[in-house]
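What follows is a set of notes on a single structure, which appears directly below.
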Amino acid sequence: MYFRVRTKSKSTHQQQLKGIVFLLVSFLLGYCLLLPEQAGALGQAIHRIAFYLVGQAAFILPLFIAWLGWMHLKPSAQMHWRMDTIF
Numbered sequence: 017m018y019f020r021v022r023t024k025s026k027s028t029h030q031q032q033l034k035g036i037v038f039l040l041v042s043f044l045l046g047y048c049l050l051l052p053e054q055a056g057a058l059g060q061a062i063h064r065i066a067f068y069l070v071g072q073a074a075f076i077l078p079l080f081i082a083w084l085g086w087m088h089l090k091p092s093a094q095m096h097w098r099m100d101t102i103f
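When the letters of the sequence shown are read in order and numbered with my numbering, they come out as residues 17 to 103.
Below, the structure is given as structure tokens:
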């Protein structure tokens with residue numbers, strides 16, 4: 017019993033850490049896509065690569081990654097969102 021609680025707690029912390037990393041990556045990617053001149057050489061390279069691979073849909077990538085981060089931070093919100101979509 018003790019090990020189950022500890023494993024679940026560790027899993028929760030890992031999910032929260034993944035959520036924070038996803039949100040950070042989405043912020044940085046959004047910054048590079050919206051302001052490539054101010055993001056430096058690496059930001060301009062990310063901007064060019066993203067637009068080369070997916071075109072104008074590159075602006076959706078930070079939103080999708082932020083959504084993934086939010087779902088990792090708030091797993092109960094995922095089920096609630098699905099129920100709102102159904103009804």
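The C-beta atom is built at its ideal place from N, Cα and C for all residues, glycine as well.
Discussion item. What would DSSP say about GLN54, mapped onto helix, strand or coil?
Written reply: The sequence position of residue 54 within the sequence shown is 38, counting from 1. When DSSP states are grouped into helix, strand and coil, GLN54 belongs to the coil group.
Worksheet item: Taking DSSP as the reference, what is the three-state secondary structure of LYS34?
Response: Within the sequence shown, residue 34 is the residue found at index 18, counting from 1. Three-state DSSP puts LYS34 in a helix.
Worksheet item: Is the distance from the Cβ of GLN32 to the Cβ of LEU89 below 7 Å?
Response: Taking the first residue of the sequence shown as 1, we reach residue 32 at position 16. Taking the first residue of the sequence shown as 1, we reach residue 89 at position 73. Cβ distance < 7 Å, so GLN32 and LEU89 count as in contact.
Fill in: Alpha-carbon spacing of GLN54 relative to GLY46, whole angstroms
In the sequence shown, residue 54 corresponds to position 38, counting from 1. In the sequence shown, residue 46 corresponds to position 30, counting from 1. Take the alpha-carbon of GLN54 and the one of GLY46: they are about 12 Å apart.
Worksheet item: Which value, in whole angstroms, describes the spacing of the CA atoms of HIS63 and PRO52?
Response: Position 47 of the sequence shown, counted from the start, is the residue given in the question as residue 63. Position 36 of the sequence shown, counted from the start, is the residue given in the question as residue 52. In a straight line, the C-alpha of HIS63 is about 6 Å away from that of PRO52.
Worksheet item: Roughly how many angstroms separate the alpha carbons of ALA73 and ILE36, rounded to a whole number?
Response: Position 57 of the sequence shown, counting from 1, holds the residue named residue 73. Position 20 of the sequence shown, counting from 1, holds the residue named residue 36. Going from the Cα of ALA73 to the Cα of ILE36 covers about 23 Å.
Worksheet item: For the alpha helix (DSSP H) that PHE80 lies in, which residues bound it at each end?
Response: Sequence index remark: in the sequence shown, residue 80 carries index 64 (1-based). 76 to 89 is the span of the alpha helix (DSSP H), which, as asked, contains PHE80.
Worksheet item: Would you call the CB atoms of ALA82 and LEU39 closer than 7 Å?
Response: Translated into the one-based positions of the sequence shown, residue 82 becomes position 66. Translated into the one-based positions of the sequence shown, residue 39 becomes position 23. Between ALA82 and LEU39, the C-beta spacing is below 7 Å.
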